[in-house]
Structures are given as structure tokens and as C-alpha cells.
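Numbering (my numbering), first residue to last: 1323 to 1761.
What follows is a short report on a single structure.
The following block contains the structure:
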């Protein structure tokens, strides 16, 4: 089976590489020739553990190819995946510009019957729109079947998720197309859920909205815990043991970020608005998350008073560990708040610093290690729970900082360990450890 992937971003590249690894001949298409050449050399344009190695393996095996020519991408292919971005519009709805451009390009170049599979996260009804575009613009008398195949990859563990996912969702027009796609995915050995196209489109949004709801819920519980003397770690563990609830996504912190949850929750709320339905719960989830993203800064101001002239260390810039993605990262909002307050910022991240530097330039300083970021700092913010940060000895804060005051947005340290040091430590949903509070 000859497969093509339109788009070599996070979803497209991981999908193409993993399909080639189970034996398919895959062509990945991108309009950026320089990017294509780097990928031909086995260099991934995104940071994802294990991806470079898997790319090189399948390039050398002759199963994985890269091109910037649409003819090579779309001609003589049995299955064509659309995996381009659907960025957020100002009103929160999904921008389908790139999806539409790919659909028209497929129509222009396709020369045989094929199945077009949408991996991009798109609003309900988009696949119907894609089919109409292809039918309107195709140059040859070929049959095109449309499939909705939403992705459920987590950045930092995308390859593992591809081969060990909970399910594969396929929204199809007819039984024959469903069987074709079932056979394509059989080598993964995962449960396959086949629905109609609109149900598959909704499954993606509903899944992400539910997980976002779970995160906002536990953060609200954490805020109550702080006020009543409960410990969110114990509370989350206690409710997570209930199989109806589960332990996943019950880690209190400074909100969700990244490319999916913020965008998809807003897109679903916008979709509801378009059909004249008020999605009150989801609107509250979004509002709670927006508030939670600034909670560390607010805690710092309440405890330390005006921050003007102080030096702050930020540990972690990516929205989560094991990725260089800074989209909707809490670190960016924190940096903005600190700079606005007249604070000098020195930041550390093992992977994402270059992306932040491209945005902020020399307005902040960039450290090569957590210890360097802490040097002479008045306060420190833990934003991303990288292993390099979680494993940093508490003694490093005492030795390196001017005043060891930590605002931990990821609850990286046990309170009993913190109490062994002359450290002021403020976390999420737990008792604060106060040593000579700064006023």
C-alpha cells in the first residue's frame, strides 16, 4: 500500500515515520525544500524522543521518503493523509486554510482512486467540506473516499502512543472504506473504533475537552485545599484510586498548555456557539485555566510585595517535559508578567530555550543549567517538571540564590524534604513553608 502524508509537523511526521516502521512505503510532503532536505538526512524538525532514530532506520530501509513536489506526493497513492495545522482564529474557531489548500492540491494531482484520511483536528462537518472541495477541483475521473482519523498523541511520548494507544478511531462513509482502513491499521494490534465521519470528528474534541475539564477541576480543588489545610497530593491520590475517576490528569499545577487543549476547548466552545448552544461547563474550564496560568505570579506578589528590581529564575519553558513546544506555555505568560513588573529574568530549559529566545531576544537571560539560572536570584519559579529540574537538590537553591524563595507550579518537592532547608516554598494546593517571608 502506497501512502502519502501532507504536512510534516508533529502529527504528520510521527504518523508517517510510524507507518513506514510497520512496513508501508510512505512519502511525506512539505512545501519547505530546506526542511525536506534535512528530513532526508534523518534530522527531525521537531523534538520528540526516539524520532530521529526511527526516521533514519526507515529511510535506510527504503520505506520512508520526503518530497516538496505535489506530483510525487499525490500521484499513484492509495491513501493520502492530511496532517497540516488548524491554527486558532481570533474568535477561537479553527482556521481551515491549510486543510483546504491540501484538499485542492490533492484534487489537482490525484490520478487514481484513493482514500483521503484527515488526521488534522477539524470541526464537525469539515470532512464533508473536504470531499466537496476535492470533487469540485479534481481533474480526473477518480473515486475518492474520505476518512476521519483523529490523533491522540501526547508530545514527548508520541511514538509510544502510536504503537501502544488505547484505540484507533476511524470515521468512514461506508463499510468498504472502513474495512480498507482496518486492514491498514491491523499491524498495530490496537482496538479499532469505526463510526460515521461526524462522530469521529466529535470524538477528538470531546476527548480533549474532557481531559481539560479534569485538569481544571483538580486545580480548583487544589485552590480550595490551600484554604482549608488539605493536601492536594493526598486528595488526588485518594480520588484517583477510584476506577471511575482514574489517576491520569489529576496533577494540580498551573494549567494546561500546548497545541491541543487550549485550541480544541476554544474551538468546541465556538462550535457550540455556532449552533446556538451555550456550553457553560467548557467555558468555565477555559476560564479556570486562564486564571490558573497566572497563579504563581500572584502568589509571588502577595508574599513578596512589589517585585520591581528583583531577579527571578524560571526553571522550565516548554509547556510540558520532553518537548520543545512552547505554544500556550505558562512560562510565556509568567515572563510577560515579570517583565511588566520590572523583574530581571534568567531562564533555563534543556530543549526549548531557542524558541523562547526567538520570541524574547535579549529581554531575558538564558542559562545552560538550573544552577546557573538560580545564581543570585531573589525568587525562583518552577514551571516545567523536567527531570533535570525535579532532581535538582534543594541545597542548590540555598547555595545559589540570593534568597531561597521557590514558587513551584508542579509540586516537584515533598514538603517534609523542603522543611530540612532554610527555604520559603510555595506550591499548588499544599501548605506553604515560610522562612523569613519577604515583605
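The C-beta atom is built at its ideal place from N, Cα and C for all residues, glycine as well.
Keep in mind it's a predicted model, so treat the numbers as computed, not measured.
Could you tell me how far apart the beta carbons of residue 1652 and residue 1579 are, in whole angstroms, since I believe they sit closer than 8 Å? 6 Å
Hey, how far is the Cα of residue 1332 from the Cα of residue 1341? 14 Å
Helix, strand or coil for residue 1467? Go by DSSP, reduced to three states. strand
Have a look at residue 1563 and residue 1720 and give me their C-alpha separation to the nearest angstrom. 36 Å
When you compare the stretch 1487 to 1507 with the stretch 1421 to 1435, are there three or more beta-carbon pairs, one atom per stretch, that lie closer than 8 Å? no
How long is the line joining the alpha carbons of residue 1475 and residue 1708, rounded to whole angstroms? 19 Å
Would you tell me roughly how many angstroms separate the C-alpha atoms of residue 1660 and residue 1666, rounded to the nearest one? 8 Å
Residue range of the alpha helix (DSSP H) that includes residue 1338: 1332 to 1343
Determine whether the beta carbon atoms of residue 1716 and residue 1750 lie at a separation below 9 Å. no
Measuring CB atoms only, is the stretch 1595 to 1611 touching the stretch 1519 to 1529, in the sense that at least three cross pairs come out at less than 8 Å? no
Per DSSP, residue 1527 is paired with what? Bridge partners of residue 1527: none, in fact.
I'd like to confirm the pairing. Which residues does DSSP put opposite residue 1507 in its beta bridges? Partner(s): none; residue 1507 has no beta bridge.
What do you get for residue 1612, buried or exposed, if any count of 16 or more other CB atoms within 10 angstroms of its CB means buried? exposed
Residue 1759 to residue 1647, Cα distance in whole Å? Here the model assigns residue 1759 a pLDDT of 49, short of 50, so the residue's position is not dependable, and the following value carries that caveat. Each residue's alpha carbon lies about 35 Å from the other.
For the alpha helix (DSSP H) containing residue 1657, name the first residue and the last one. 1652 to 1662
Assumed close pair residue 1491, residue 1472 - CB separation to whole angstroms, cut-off 8 Å: 6 Å
Reduced DSSP secondary structure (H/G/I, E/B, other) of residue 1493: strand
CB residue 1607 to CB residue 1538, shorter than 9 Å? yes
Cβ shell of residue 1761 (< 7 Å), same chain only, five flanking positions each side left out: Confidence in residue 1761 is poor, its pLDDT being 41 and thus under 50, which makes the residue's placement unreliable; the coordinate value appears in the next sentence. Cβ neighbours of residue 1761 beyond the five flanking positions: 1627.
Going by C-alpha to C-alpha distance, which of 1329, 1388 and 1672 sits closest to residue 1358? 1388
Between residue 1694 and residue 1722, what straight-line distance do the alpha-carbon atoms span, to the nearest angstrom? 8 Å
Would the beta-carbon of residue 1699 fall within 9 Å of that of residue 1633? yes
To the nearest angstrom, how far is the alpha carbon of residue 1405 from that of residue 1638? 29 Å
Within the same chain, show all residues whose beta-carbon is closer than 8 Å to that of residue 1643, passing over the 5 residues directly before and after it, in chain order. 1478, 1706, 1707, 1708 and 1709
So what's residue 1324 in DSSP terms, helix, strand or just coil? strand
Give me the Cα-Cα distance between residue 1329 and residue 1335, rounded to the nearest whole angstrom. 7 Å
Burial state of residue 1624 (16 or more Cβ within 10 Å): exposed
Residue burial classification, residue 1573 (beta-carbon count within 10 angstroms, cutoff 16): buried
May I have the straight-line CA-CA distance separating residue 1641 from residue 1461, to the nearest angstrom? 44 Å
According to the Cβ coordinates, are residue 1470 and residue 1403 closer than 9 Å? no
Let me check understanding here. Comparing Cα to Cα, which of 1552, 1678, 1543 and 1712 lies closest to residue 1614? 1543
Taking only the alpha-carbon atoms, compute the straight-line gap between residue 1691 and residue 1635 and give it to the nearest angstrom. 11 Å
Which runs of the alpha helix (DSSP H), 4 residues or longer, sit entirely within the stretch 1399 to 1479? 1419 to 1431 and 1448 to 1459
What is the rounded straight-line gap between the Cα of residue 1350 and the Cα of residue 1380? 12 Å
By alpha-carbon positions, which one of 1581, 1339, 1343 and 1753 ends up nearest to residue 1553? 1753
Hey, out of 1354, 1382, 1371 and 1347, whose CA is closest to residue 1364's CA? 1382
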